[in-house]
Amino acid sequence: MKQIIATVAIGLLIVSCSTKQKALTTKNTEKMESKTELTNKEKSSALLESLENGDKSTIAYINPTNYKQHNLGVADGLEGFGAVLQNAPEGGFKAKVIRSFQDGNYTFSHTIYDFFGPKVGFDIFKYENGQIVEHWDNLSEITAINPSNRTQTDGSTTLSDLDKTNSNKELVKDFVNTVLVNSGFDKMGNYFDGDNYIQHNSMIGDGLSGLGKALEKMAKNGITMVYEKNHIVLGEGNFVLAVSEGQFAGKHTSFYDLFRIENGKIAEHWDVMETIAPTTEHKNSNGKFNF
1 MKQIIATVAI GLLIVSCSTK QKALTTKNTE KMESKTELTN KEKSSALLES
51 LENGDKSTIA YINPTNYKQH NLGVADGLEG FGAVLQNAPE GGFKAKVIRS
101 FQDGNYTFSH TIYDFFGPKV GFDIFKYENG QIVEHWDNLS EITAINPSNR
151 TQTDGSTTLS DLDKTNSNKE LVKDFVNTVL VNSGFDKMGN YFDGDNYIQH
201 NSMIGDGLSG LGKALEKMAK NGITMVYEKN HIVLGEGNFV LAVSEGQFAG
251 KHTSFYDLFR IENGKIAEHW DVMETIAPTT EHKNSNGKFN F
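Numbering (the working numbering), first residue to last: 1 to 291.
1. Which partner residues of residue 118 appear in the DSSP bridge assignment?
2. So residue 269 and residue 199 are supposed to be a Cβ contact under 8 Å. How far apart are they, rounded?
3. Helix or strand or just coil, what does DSSP make of residue 225?
4. Which of the three DSSP states, helix, strand or coil, is assigned to residue 31?
5. Can you list, in chain order, the residues of its chain whose CB lies under 7 Å from that of residue 47, leaving out five sequence neighbours each side?
6. From 85, 101, 170, 253, pick the residue whose C-alpha is nearest to that of residue 94; which is it?
7. For a test of the three-state rule: what should DSSP assign to residue 98, helix, strand or coil?
8. What do you get for residue 186, buried or exposed, if any count of 16 or more other CB atoms within 10 angstroms of its CB means buried?
9. Check the C-beta distance from residue 195 over to residue 207 and give it rounded, since I have them as a contact under 8 Å.
10. Expressed to the nearest angstrom, what Euclidean distance is found between the alpha-carbon atoms of residue 56 and residue 210?
11. Can residue 243 and residue 231 be called in contact, C-beta distance under 8 Å?
12. Do residue 202 and residue 247 have their CB atoms nearer than 8 Å?
13. Once the 5 residues before and after residue 78 are set aside, which same chain residues still bring their CB inside 7 Å of it?
Here is the structure:
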């Protein structure tokens with residue numbers, strides 16, 4: 001009888017240890033899975049870079065039945081995205097994400113492409129339940145270095161001041177509406193730390209002095225740049241993206257302006273301008289903006 005009791009006790013002990021070990025393993029697995037869960041901005045970067053590395057698993061980040069496209073040269077839905085991939089040139093596409101940020105359900109990325117030729121662009125994705133349901137972008141040709149020897153994508157990539165996201169977004173929104181939309185150029189000094197301003201626009205040098213020289217040159221050449229409406233301002237920490245609509249050299253234009261904010265002032269700027277194609281050339285009816 002003692003032997004039977006001892007055998008049962010050992011059996012119960014083994015079962016108990018096995019149960020505890022299983023619970024511990026499950027807990028550790030869940031912990032590991034939560035650690036490896038990608039943020040939305042990481043998903044966006046992975047999807048963009050899959051254009052080059054061919055990682056087909058990133059397609060799962062796009063909602064297969066609800067995906068609205070705002071690139072006017074691409075058909076709507078997942079089918080439109082697939083058609084682009086199928087029409088890739090020999091050697092495929094290339095994509096390198098330089099900066100990627102997240103604001104609520106939106107992500108915005110700054111990327112160097114070889115997409116039917118060398119390009120630089122911004123992509124905005126909207127997420128619902130962890131999947132992409134909407135996409136906007138602005139693309140332009142890569143140009144030579146600007147008067148201050150800066151490229152369209154170099155400069156700071158360090159994210160900071162997450163607690164100042166809202167105030168930084170308000171600063172940029174006010175700057176765009178006051179100075180760019182309403183031509184309040186006499187108020188520009190309120191938004192900058194003197195002439196300390198790093199510029200990545202290919203036509204403009206550093207500082208407010210560089211901006212002044214560029215605007216003067218444009219005026220002499222009869223080139224106008226008019227911001228008519230700001231559609232959305234997105235931000236994370238010290239980086240803020242403003243998406244606006246207007247005219248450049250008499251052509252309907254989409255303006256994407258990325259600003260880095262430091263101590264409550266605009267410290268650095270990148271941008272991409274894209275001429276909006278006429279309606280007859282649109283492959284979807286979602287509009288360039290409509291956030």
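In this text, a Cβ means the ideal position worked out from N, Cα and C, and glycines have one as well.
Nothing here was measured: the structure is a model prediction, and the numbers come from that model.
If we stick to the structure as given:
1. Working through the sequence shown from its first residue, we reach residue 118 at position 118. DSSP lists 114 as partners of residue 118.
2. As a first step, residue 269 is located in the sequence shown; it is residue number 269 there, counting from the start. As a first step, residue 199 is located in the sequence shown; it is residue number 199 there, counting from the start. About 6 Å separates the two Cβ atoms, so the contact holds.
3. Stepping through the sequence shown from its first residue, residue 225 is reached at position 225. Note: residue 225 maps to strand in three-state DSSP.
4. Start at 1 with the first residue of the sequence shown, and residue 31 comes out as number 31. Caution applies to residue 31, whose pLDDT of 43 falls short of 50 and renders its modelled position unreliable; the model cannot decide the point.
5. One-based indexing of the sequence shown puts residue 47 at position 47. So the qualifying residues of the chain are 58, 61.
6. By one-based count along the sequence shown, residue 94 stands at place 94. Selected option, being the one with the closest Cα: 85.
7. Indexing the sequence shown from 1 puts residue 98 at position 98. Strand.
8. On the sequence shown, position 186 is the one that residue 186 refers to. Looking at its Cβ environment, which holds fewer than 16 other Cβ atoms inside 10 Å, residue 186 is exposed.
9. Taking the sequence shown and counting its residues from 1, the one referred to as residue 195 is at position 195. Taking the sequence shown and counting its residues from 1, the one referred to as residue 207 is at position 207. Residue 195 to residue 207, Cβ: 4 Å. Contact.
10. For the purposes of this step, residue 56 is identified with residue 56 of the sequence shown, where counting begins at 1. For the purposes of this step, residue 210 is identified with residue 210 of the sequence shown, where counting begins at 1. Using only the alpha carbons, I get a separation of about 44 Å.
11. One-based indexing of the sequence shown puts residue 243 at position 243. One-based indexing of the sequence shown puts residue 231 at position 231. Yes, the pair counts as a contact, with Cβ atoms nearer than the cut-off.
12. Locating residue 202 in the sequence shown gives position 202, counting from the first residue. Locating residue 247 in the sequence shown gives position 247, counting from the first residue. Taking 8 Å as the Cβ cut-off, residue 202 and residue 247 do not qualify as a contacting pair.
13. One-based indexing of the sequence shown puts residue 78 at position 78. So the list reads 62, 64, 67, once near-sequence residues are dropped.
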